[in-house]
Amino acid sequence: MNKRLSEVEKIKITSVAFSSIVEIGDANTSSPVNRVIAVQKEGGVYSDEGFDFDRFKIFAQEPAKSPGMPIIQKNTYHHNPTIHVKNVTITGVSASSLVQIGSLKHIDSEARLKHIRILEQEQNENDLIQ
Amino acid sequence: MNYEVHNWGLNVGNVEITGVASSSVFLIGDNETIKLTSFYDTPPDSYIVGSLVPLRQAAIDEGTTNE
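One line per chain: the protein sequences are Y and Z, in this order.
Just so you know, the first sequence maps onto residues 72 to 201 in this note's numbering.
Just so you know, the second sequence maps onto residues 22 to 88 in this note's numbering.
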């Protein structure tokens, strides 16, 4: 791969959290994985007991196979060896995300998010009217 | 099949992003292969009424039998 130089004059990132990466420079491979169980329970959540990843099939599910790509001969010509970016402003980078200035040959990223709502009792239709 | 790409020049003035989240990628540079997968399970599919999820630890703390 003939890669270009990335030139960024100014970058401002306010927050980088939860295993996220800000990388300046080239890299070969990145495979970030993010697994989340978001529990919203009436009365509050006091323990993560019982919320193991292996209890939910979403965390074991295989992604659908992408249709086979035809084999093509690709030629890329960089007439200008530099990518110019004047200004980048990012408020937040979170949950295994990646911000990179520089080339990255292979990316294989995965995010799995399970939402759970637990109410103490079923909502009554009459409650909504009152 | 032949596929030819000419990158004559790339100049960007301003990029403003609020959030990059959940294994997302913001890349300024060249790339060969990229595969982004995401699985979501949000209500109403995952809606639970009543405590069907066993909260074992909490039951012990309250002094009830954990059967």
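The C-beta atom is built at its ideal place from N, Cα and C for all residues, glycine as well.
#1: With respect to the beta strand (DSSP E) encompassing K112(Y), which residues constitute its N-terminal and C-terminal limits?
#2: Could you check whether the Cβ of F127(Y) sits closer than 9 Å to any Cβ belonging to chain Z?
#3: Can the beta-carbon of N105(Y) be found less than 9 Å from the beta-carbon of S90(Y)?
#4: Can you list, in chain order, the residues of its chain whose CB lies under 6 Å from that of V41(Z), leaving out five sequence neighbours each side?
#5: By DSSP, does F124(Y) sit in helix, in strand, or in coil?
#6: Within the continuous beta strand (DSSP E) that includes A98(Y), where are the two ends?
#7: Leaving out five residues before and five after I178(Y) in sequence, what residues of the same chain have Cβ atoms less than 6 Å from its Cβ?
#8: To the nearest angstrom, how far is it from the Cα of K145(Y) to the Cα of N23(Z)?
#9: Which residues bound the beta strand (DSSP E) around D62(Z)?
#10: DSSP puts F47(Z) in a beta bridge; with which residues?
#11: Kindly indicate which three-state DSSP category I154(Y) falls into: helix, strand or coil?
#12: Ignore the nearest five residues each way along the sequence and tell me which others in K81(Y)'s own chain have a CB closer than 8 Å to its CB.
#13: Classify P103(Y) as buried or exposed, calling it buried when 16 or more other Cβ atoms lie within 10 Å of its own Cβ.
#14: Excluding five sequence neighbours on each side, which residues of the same chain lie with their C-beta closer than 6 Å to the C-beta of R183(Y)?
#15: Can you give me the C-alpha to C-alpha distance between H155(Y) and G34(Z), rounded to a whole angstrom?
#16: Which value, in whole angstroms, describes the spacing of the CA atoms of E25(Z) and R75(Y)?
#17: Using a Cβ-Cβ distance cut-off of 9 Å, determine whether G163(Y) contacts chain Z.
#18: Which residue wins for smallest C-alpha separation from I38(Z), given the options T162(Y), S168(Y), I172(Y)?
#19: What residue range does the beta strand (DSSP E) around K81(Y) cover?
#20: Specify the secondary structure class of S91(Y) as computed by DSSP and reduced to three states.
Concretely, from the data shown:
#1: As a position in the first sequence, residue 112(Y) is number 41, starting the count at 1. It spans 104-112 - the beta strand (DSSP E) in which K112(Y) sits, taken as one unbroken run.
#2: Translated into positions along the first sequence, residue 127(Y) becomes position 56. By this cut-off, F127(Y) is an interface position.
#3: Taking the first residue of the first sequence as 1, we reach residue 105(Y) at position 34. Taking the first residue of the first sequence as 1, we reach residue 90(Y) at position 19. Closer than 9 Å, so yes.
#4: The residue you call residue 41(Z) lines up with position 20 of the second sequence. F47.
#5: Here residue 124(Y) refers to the residue found at position 53 of the first sequence. The answer is helix: DSSP assigns F124(Y) an H, G or I state.
#6: As a working mapping, residue 98(Y) is identified with position 27 in the first sequence. Unbroken beta strand (DSSP E) run through A98(Y): 98-101.
#7: Taking the first residue of the first sequence as 1, we reach residue 178(Y) at position 107. The residues are S101.
#8: Within the first sequence, residue 145(Y) is the residue found at index 74, counting from 1. Within the second sequence, residue 23(Z) is the residue found at index 2, counting from 1. Between K145(Y) and N23(Z), the C-alpha separation is close to 6 Å.
#9: Locating residue 62(Z) in the second sequence gives position 41, counting from the first residue. Here the beta strand (DSSP E) through D62(Z) covers 54-62.
#10: Translated into the one-based positions of the second sequence, residue 47(Z) becomes position 26. DSSP, once it has assigned bridges, lists V170(Y) as partnering F47(Z).
#11: For the purposes of this step, residue 154(Y) is taken as residue 83 along the first sequence, with counting starting at 1. If DSSP states are grouped into helix, strand and coil, I154(Y) belongs with the strands.
#12: As a position in the first sequence, residue 81(Y) is number 10, starting the count at 1. Only K157, N158, V159 meet the Cβ criterion.
#13: Here residue 103(Y) is taken as the residue at index 32 of the first sequence, counted from 1. Burial call: buried.
#14: On the first sequence, position 112 is the one that residue 183(Y) refers to. Result list for R183(Y): R106, I129, F130, in chain order.
#15: What you label residue 155(Y) is simply residue 84 of the first sequence in a count that begins at 1. What you label residue 34(Z) is simply residue 13 of the second sequence in a count that begins at 1. Approximately 8 Å, taken between the alpha carbons.
#16: Here the question's residue 25(Z) lines up with position 4 in the second sequence. Here the question's residue 75(Y) lines up with position 4 in the first sequence. Taking the straight line joining both Cα atoms gives about 17 Å.
#17: In the first sequence, the residue the question calls residue 163(Y) occupies position 92. It does; some Cβ of chain Z falls within 9 Å.
#18: Residue 38(Z) sits at position 17 when you count from the first residue of the second sequence. The shortest C-alpha separation from I38(Z) is found at T162(Y).
#19: Position 10 of the first sequence, counting from 1, holds the residue named residue 81(Y). Here the beta strand (DSSP E) through K81(Y) covers 76-87.
#20: Along the first sequence, one-based indexing puts residue 91(Y) at 20. It is coil, neither helix nor strand.
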